[in-house]
Amino acid sequence: MSKSGYRARVSAPASPPAPPLAPPRAKKRKSVLRRVAEIVITVAFVGYVAWSVSKRWSEVQGVIGDLSVSAIALSLVGSLAAVWCSFLGWRVLLADFGSHVPLTGAMRIFFVGQLGKYLPGKVWPVLTQMRLGKAYQVPGRSSAAAVLITMFITLGTGLLLTAVVLPLLGGEAWHKYWWTLFTVPIALVVLLPPVLNRLLALAMRLARREAMPKPLSAKGIGLAVFWAIATWLCYGAHLWALLLDFGAGGSDLIIRSVAAFAGAWSIGFLLAIAPAGLGPRETALVVLLAGSVSEPVALVAALVSRLLMTVADLAWPAIALLTDRKRKRPIVNAPDIDTVPDPTPAASTAVASE
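Right, dumping it as structure tokens:
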């Protein structure tokens, strides 16, 4: 290098360091305000439920005393089965995106990730599952899309079941929640494979992410819808076992139970304020059951249902962690098998070509 060039480099003033970026105060302020609003609204709904119980405590206390252990056990089994069906629907979608995770690993991702729904906001289950999926080489976009579409399919089928039975629930159900009917056509259209895949592609472009590994198939969406309906049937049985033990009857009680629970869950989800729909779901369930049972029975059923669902939400992660303690190396983008392929050139070529 010439001396002049060296002198030019030495004498050239160093560029000043870039000033630190100013913290996004407005964004932080909005986040804090939103969190405060979530807490205030959650407390308000919980307070309303508590006030409703205390107002009729003498009647509620008598109803609680009539609840048998067998009804609680049967209701808990229904809740556990419902959460399992939801897991199977999620796993179908994840596999449809090309990520085939072993059963124990999939249980760990889904059930542990679902604990995030008890935090304010709807984003925590998504972020948690994305983080857990990395251990099994599941792309973050696949994890996020699978859990979001599972939520959407659950919501869409729940609203559809509610819309079919809502006029039959009686009481104030129709007058308070008729607006849920308008969401059904949107859900049905969006669930069409071409529409859903285009929306996913648009979302990836807007987020400046890579495209999805594979588009969703009609078979995958159909199976996810099947498991969502099975989820609602199990949740309906979970509520039906409680109402039946309280003395409610009628040949259509199971149908009313399915529709009332699906509607209450969907309304709690649409309000998107309280964690896990706490408060709004119980309030809606009391209203939707008003034409089938007395208010004290509806109140107790709603509270016991919440308790048993929380037990199920805690039981499945514990089971998943216990069964996944000795998990094997995850197999990605391949069928779940326990055998090791034959390490011959021909076998290696066959595996590589799949």
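If you read the sequence shown in full-length UniProt numbering, its first letter stands for residue 1, the second for the next number, and so on.
Don't be surprised by glycine CBs; every beta carbon is placed ideally from N, CA and C.
Predicted model only: the values in this text are computed from it and were never measured.
Start-to-end residues for the alpha helix (DSSP H) that takes in residue i
{"i": "A290", "result": "Careful: A290 lies outside any alpha helix (DSSP H) and carries neither H nor E."}
{"i": "K134", "result": "Where K134 is concerned, there is no enclosing alpha helix (DSSP H), given that its DSSP letter is neither H nor E."}
{"i": "D245", "result": "A218 to D245"}
{"i": "A144", "result": "G140 to L169"}
{"i": "T183", "result": "T183 to V190"}
{"i": "A89", "result": "The displayed chain sequence assigns Gly, not Ala, to residue 89. Unbroken alpha helix (DSSP H) run through G89: V69 to D96."}
{"i": "G105", "result": "L103 to M107"}
{"i": "A207", "result": "Note, A207: premise wrong, no alpha helix (DSSP H); not H, not E."}
Buried or exposed by the 16-neighbour rule on C-beta atoms within 10 Å, applied to residue i
{"i": "H175", "result": "exposed"}
{"i": "P167", "result": "exposed"}
{"i": "E282", "result": "buried"}
{"i": "R205", "result": "exposed"}
{"i": "W179", "result": "exposed"}
{"i": "Q114", "result": "buried"}
{"i": "G249", "result": "exposed"}
{"i": "A73", "result": "exposed"}
{"i": "P102", "result": "buried"}
{"i": "K195", "result": "The amino acid at residue 195 is misidentified as Lys; the sequence shows Val. By the neighbour-count rule (16 or more Cβ atoms within 10 Å), V195 is not buried but exposed."}
{"i": "A201", "result": "exposed"}
{"i": "A312", "result": "buried"}
{"i": "S75", "result": "buried"}
{"i": "V297", "result": "buried"}
{"i": "V69", "result": "exposed"}
{"i": "A318", "result": "exposed"}
Spatial neighbours of residue i in its chain, beta-carbon cut-off 7 Å, leaving aside the 5 residues before and after
{"i": "M309", "result": "S79"}
{"i": "L288", "result": "L169, A173, A260, G263 and A264"}
{"i": "S143", "result": "Q129, M130 and G133"}
{"i": "W90", "result": "F110, A146, V147 and T150"}
{"i": "V92", "result": "G220, L223, A224 and W227"}
{"i": "L181", "result": "A163"}
{"i": "P125", "result": "G113, Q114, G116, K117 and V147"}
Cα-Cα separation between residue i and residue j, rounded to whole angstroms
{"i": "G220", "j": "R208", "result": "26 Å"}
{"i": "K134", "j": "G116", "result": "17 Å"}
{"i": "R198", "j": "I267", "result": "27 Å"}
{"i": "G291", "j": "L253", "result": "11 Å"}
{"i": "G236", "j": "A81", "result": "11 Å"}
{"i": "K214", "j": "L119", "result": "31 Å"}
{"i": "V112", "j": "V293", "result": "35 Å"}
{"i": "A211", "j": "A187", "result": "23 Å"}
{"i": "Q137", "j": "L307", "result": "35 Å"}
{"i": "A71", "j": "R108", "result": "29 Å"}
{"i": "V286", "j": "L321", "result": "35 Å"}
{"i": "T323", "j": "T104", "result": "6 Å"}
{"i": "P139", "j": "A203", "result": "15 Å"}
{"i": "S99", "j": "P280", "result": "35 Å"}
Same chain, Cβ closer than 6 Å to residue i, neighbours up to 5 away in sequence not counted
{"i": "T154", "result": "A228"}
{"i": "A230", "result": "C85"}
{"i": "A106", "result": "R91"}
{"i": "A183", "result": "First, the amino acid is wrong: residue 183 is Thr here, not Ala. These residues qualify, in order along the chain: L159."}
{"i": "R141", "result": "R209"}
{"i": "T344", "result": "Unreliable positioning characterises T344 in this predicted model, as indicated by a pLDDT of 40, which lies under 50. The coordinate reading is nonetheless provided below. For T344, where only same-chain residues beyond five positions count, there are no Cβ hits under 6 Å."}
Same chain, Cβ closer than 8 Å to residue i, five either side skipped, listed in chain order
{"i": "L67", "result": "L242, D245, F246, V300 and V304"}
{"i": "L127", "result": "G116"}
Min CB distance residue i to chain B below 9 Å
{"i": "V258", "result": "Absent from the structure: chain B. Only one protein chain is present."}
Distance CB(residue i)-CB(residue j) smaller than 9 Å
{"i": "W316", "j": "V83", "result": "yes"}
{"i": "H238", "j": "V77", "result": "yes"}
{"i": "R256", "j": "V165", "result": "yes"}
{"i": "residue 356", "j": "S217", "result": "Only positions 1 to 354 of the chain appear in the structure, and residue 356 is not among them; the question remains open."}
The ligand SAM heavy atom lying under 8 Å from the CB of residue i
{"i": "W227", "result": "The ligand SAM is not among the ligands present in this structure, which contains no ligands whatsoever."}
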